[in-house]
Amino acid sequence: MKNNPIIIDLKNISVSFDNQKILNNINLYIRDGEFITFLGPSGCGKTTTLRIIAGFLQQDSGDVIFEGKNINGVPAYKRQVNTIFQRYALFPHLNVYENIAFGLRIKKMKEQEIKDTVTEMLKLVNLSGFERRNINSLSGGQQQRVAIARALAVKPRVLLLDEPLGALDLKLRKDMQVELKNIQQRLGITFIYVTHDQEEALSMSDTVVVMDGGVIQQIGTPQDVYNEPKNAFVADFIGESNILDGKMLEDFKCSFSGAQFQCLDKGFGIGESVDVVVRPEDVDIVPVEKGILTGEVTSVTFKGVHFEIIVDIGGFKWMIQTTDYEPVGKKIGLDIEPDAIHIMKKSKYSGLYGDYSSFSDELEHLSDIVEEE
Amino acid sequence: MKNKSALTQKLCASPHIVWSAIFIVVPLIMVLYYAFTDANGAFTFENILRLGDYTTTFLRSIWYGIVATVICLIIAYPLAYIIAQSKARVQSTMVMLVMIPMWMNFLLRTYAWMTLLEDNGVINGIITKLGFDGVHMINTSGAVILGMVYNFLPYMILPIYTVMTKLDRSLIEAAQDLGANKVCVIKDVVFPSTLSGVVSGITMVFVPSVSTFYISQKLGGGSFALIGDIIEMQFQVSNNFNFGAALSLVLMVLILICMAVMNRFGDDENAAGGMMI
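This is the structure in structure tokens:
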């Protein structure tokens, strides 16, 4: 993957609507055959970026390069990219066969070729035998499969997917994630995927592009963005994080929450203020006398695989995931290994995220629903 | 409890039922009664048999209706598309402009066209001022069809426009995405998806065009009598209610047949997609 040629190159892309900057100087290259995901909350500019690549939207400034050629101003119908729309956008007046054949008929393919391609595509998405079915008689998952077959039938170089699984229920969504990944690997074409679901992004992608406020916050492999987040926004958006205000004492040594810790980070100034990320699963619970930090358990939630406990340490509420039950009100000690600590430079997101004092499952659930709409 | 709510429902519906009975069912029965009786009230087929004398008029009415409807469709469809594609504020202004003529009385509008089209009318006045020979426009079949198109055009624009505003924009994008240029998008996606608006637009223009009488009298000068004129004559001049009713009955049946064919055509469009395999 790393040596594949670059297929799409976005250079200094900016877009505004009504004087509001939607995309601010986006720079990004995408390699042929890559599964790349734009991840971010609603309004972060991920769909706008996708629409610019598709040709549905013209950027105010910057260039879109496709295989070395500038395609600014090339209309959507002449681009070698195809889109899977959020609400499928299947033609309601055509049946399954004709929907998939739509792009092939425009290409003026021979009837026999069309028939072969449609059959092949339906097989690919596990819908063989559905040729004559009416679009409105299909379930959401089946409609999504038809949309995928329709887009792949015209043999695009790049497939753009705009939150394609957003309207499906959880179980179906998980199945489709696996299936999409399989299809991508089998066909070897580039997938550009847009989602606000971090789990989806981590499990499917080769590369994740985290966006917020029209700006790319971080580009990296799923492991990179999880283990080495660039700033508090990325750390908070991907997975759970305790983000603390800390200081770098010297290389490999930092302090936060009133204690000193060994860490693996270097290259910061002596005494520089930093954000410290500790993932909830990386904190060890020890007896009070052995802990570097001590605190009191304020809530416990059973999550199946583990307990999620909130611990008050000097007024800052930490989230800790543990397999041992600790009752509310108990004093516990905490120990943090050097490789569990990740140091980030201060950013405009510092102090906004990473404190669980107002945390409740109910709230998190509510915010999920809002995002999906 | 259940019976009570059912009773309430019936009570609420009763004014509508009474209304429908008095103003729809009873008149229909009366038309049927008059059509098959003579002046003395005796049963007869004579009225129906006399209809053959007016075959030309029937054919002319239907032909003019078809021509006016087709012209309306040709004008209205692109216009509705342009309106639906415009920004919200432009849209409401344009819809207003389409509607405003409808606020004026139908007779007044037709009279206005008389003044415009007359041999010494406004248009000929301008033409002769410019040094050209005047054109004879009033009392021609063209004038009658113009009157129909002018009067009924909004009834074609509005239903098509309504369907177009509901058209899912992502369908157009999906078509472009699959390689369709503008012509293909309109032919393969926009038109089939807005067919229901076209069908109701055709109904709303064709039916009044076929049965109109005033337009043909004022703009056709009586030499292009339509079936509506004949029916009016039976009631107003000849006082032959029985024959007038027979004419109305046959006109009604003819329109019903046309509509049935039309709806069939609409359904066929869908079926054809399936047949292509």
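So the sequence lines, in the order shown, correspond to chains A and B. Our numbering puts the first residue of the first sequence at 1453, with every later residue one more than the last. Our numbering puts the first residue of the second sequence at 8, with every later residue one more than the last. For every residue, glycine included, the Cβ atom is placed at its ideal position computed from N, Cα and C. Just so it is clear, the structure is predicted and the values come from calculations on it, not from any experiment.
Helix, strand or coil for residue i? Go by DSSP, reduced to three states.
| i | result |
| --- | --- |
| Ser68/B | helix |
| Gly1756/A | coil |
| Phe30/B | helix |
| Val214/B | helix |
| Val151/B | helix |
| Thr201/B | coil |
| Glu1486/A | coil |
| Thr1673/A | coil |
| Met1663/A | strand |
| Ser285/B | Outside the displayed range of chain B (8 to 284) lies residue 285/B, so it cannot be described from this structure. |
| Lys189/B | helix |
| Ile1587/A | helix |
| Thr51/B | coil |
| Gly132/B | helix |
| Glu180/B | helix |
| Val1598/A | helix |
| Lys1742/A | helix |
| Gly1747/A | strand |
| Val257/B | helix |
| Asp1568/A | helix |
| Gly1806/A | coil |
| Lys1783/A | strand |
| Ala278/B | Summary for Ala278/B: the model assigns pLDDT 39, below 50, so the residue's position carries little reliability; its value from the coordinates is reported in the next sentence. DSSP places Ala278/B in helix when its eight states are reduced to three. |
| Thr63/B | helix |
| Ser1735/A | Ser is not the amino acid found at residue 1735/A; the sequence shown has Val there. In the structure shown, Val1735/A sits in a strand (DSSP, three-state: E or B). |
Within 10 angstroms of the Cβ of residue i, are there 16 or more other Cβ atoms? Answer buried if so, exposed if not.
| i | result |
| --- | --- |
| Gln183/B | buried |
| Val97/B | exposed |
| Leu104/B | exposed |
| Ser1725/A | exposed |
| Met283/B | Reliability of the predicted coordinates at Met283/B is poor, the pLDDT of 32 falling under 50, and no value is obtained from them. |
| Glu1565/A | exposed |
| Val214/B | buried |
| Ala252/B | buried |
| Cys19/B | exposed |
| Ala1653/A | buried |
| Thr172/B | exposed |
| Asn112/B | exposed |
| Tyr1540/A | buried |
| Pro34/B | exposed |
| Val25/B | exposed |
| Asp1568/A | exposed |
| Asn54/B | buried |
| Pro1457/A | exposed |
| Leu1579/A | buried |
| Phe1754/A | exposed |
| Ser1657/A | buried |
What are the residues that DSSP puts in a beta bridge with residue i?
| i | result |
| --- | --- |
| Met101/B | Beta-bridge pairing links Met101/B to no other residue. |
| Asp1461/A | Tyr1481/A, Ile1517/A |
| Val1730/A | Asn1694/A, Ile1793/A |
| Gln1702/A | This sequence places Glu at residue 1702/A; Gln is not what is there. According to DSSP, Glu1702/A bridges with Lys1705/A. |
| Trp1770/A | Val1763/A |
| Ala1711/A | Phe1708/A |
| Phe1469/A | Gln1472/A |
| Phe1643/A | Phe1487/A, Leu1611/A |
| Ile1668/A | Met1663/A |
| Ser1725/A | Lys1699/A |
Strictly below 7 Å CB to CB, what residues from chain C border residue i?
| i | result |
| --- | --- |
| Val1606/A | Among the protein chains of the structure shown, namely A and B, there is no chain C. |
Given 8 Å, three or more beta-carbon pairs between the stretch 1523-1532 of chain A and the stretch 1480-1500 of chain A: no
Would you list, in chain order, the members of the stretch 1505-1537 of chain A that have their beta-carbon closer than 9 Å to a beta-carbon of chain B? Ala1506, Gly1507, Phe1508, Pro1527, Ala1528, Tyr1529, Lys1530, Arg1531, Val1533, Asn1534, Thr1535, Phe1537
Check each residue of the stretch 187-219 of chain B: if its Cβ is closer than 8 Å to any Cβ of chain A, include it; give the result in chain order. Ala187, Asn188, Cys191, Asp195, Val196, Pro199, Ser200, Leu202
Can at least three beta-carbon pairs, one atom from the stretch 1796-1804 of chain A and one from the stretch 1683-1692 of chain A, be found at a separation below 8 Å? yes
In chain order, what residues of the stretch 174-185 of chain B put their CB closer than 8 Å to some CB of chain A? Asp175, Ser177, Leu178, Glu180, Ala181, Ala182, Gln183, Asp184, Leu185
Using a beta-carbon distance cut-off of less than 9 Å, what residues from the stretch 1719-1748 of chain A approach chain B? none
Is it the case that the stretch 155-171 of chain B contacts the stretch 65-83 of chain B, given that we only count it when at least three CB pairs across the two stretches are under 8 Å? yes
Name the residues in the stretch 1548-1566 of chain A whose C-beta lies less than 7 Å from a C-beta of chain B; which are they? Tyr1549, Glu1550, Phe1554, Gly1555, Ile1558, Lys1559
Below 8 Å, can you find three or more Cβ-Cβ pairs linking the stretch 1755-1774 of chain A to the stretch 1714-1722 of chain A? no
Okay, do the stretch 193-200 of chain B and the stretch 165-183 of chain B touch, 3+ Cβ pairs below 8 Å being the bar? yes
Check whether the stretch 215-233 of chain B touches the stretch 19-38 of chain B, taking contact to mean three or more Cβ pairs, one atom from each stretch, closer than 8 Å. no
Touch test, the stretch 253-267 of chain B against the stretch 58-65 of chain B, Cβ-Cβ under 8 Å, three pairs minimum: yes
Please confirm if the stretch 1626-1633 of chain A is in contact with the stretch 1549-1556 of chain A, defined as three or more CB-CB distances below 8 Å between the two stretches. no
Cβ pair count under 8 Å reaching 3, the stretch 1768-1787 of chain A against the stretch 1734-1747 of chain A: yes
Is it the case that the stretch 160-168 of chain B contacts the stretch 1508-1517 of chain A, given that we only count it when at least three CB pairs across the two stretches are under 8 Å? no
Quick test of the definition: if touching needs 3 or more C-beta pairs under 8 Å, does the stretch 79-95 of chain B touch the stretch 205-213 of chain B? yes
For the stretch 1678-1699 of chain A, which residues have a CB atom closer than 9 Å to at least one CB atom of chain B, in sequence order? none
Three or more beta-carbon pairs under 8 Å between the stretch 1501-1515 of chain A and the stretch 1459-1473 of chain A, yes or no? yes
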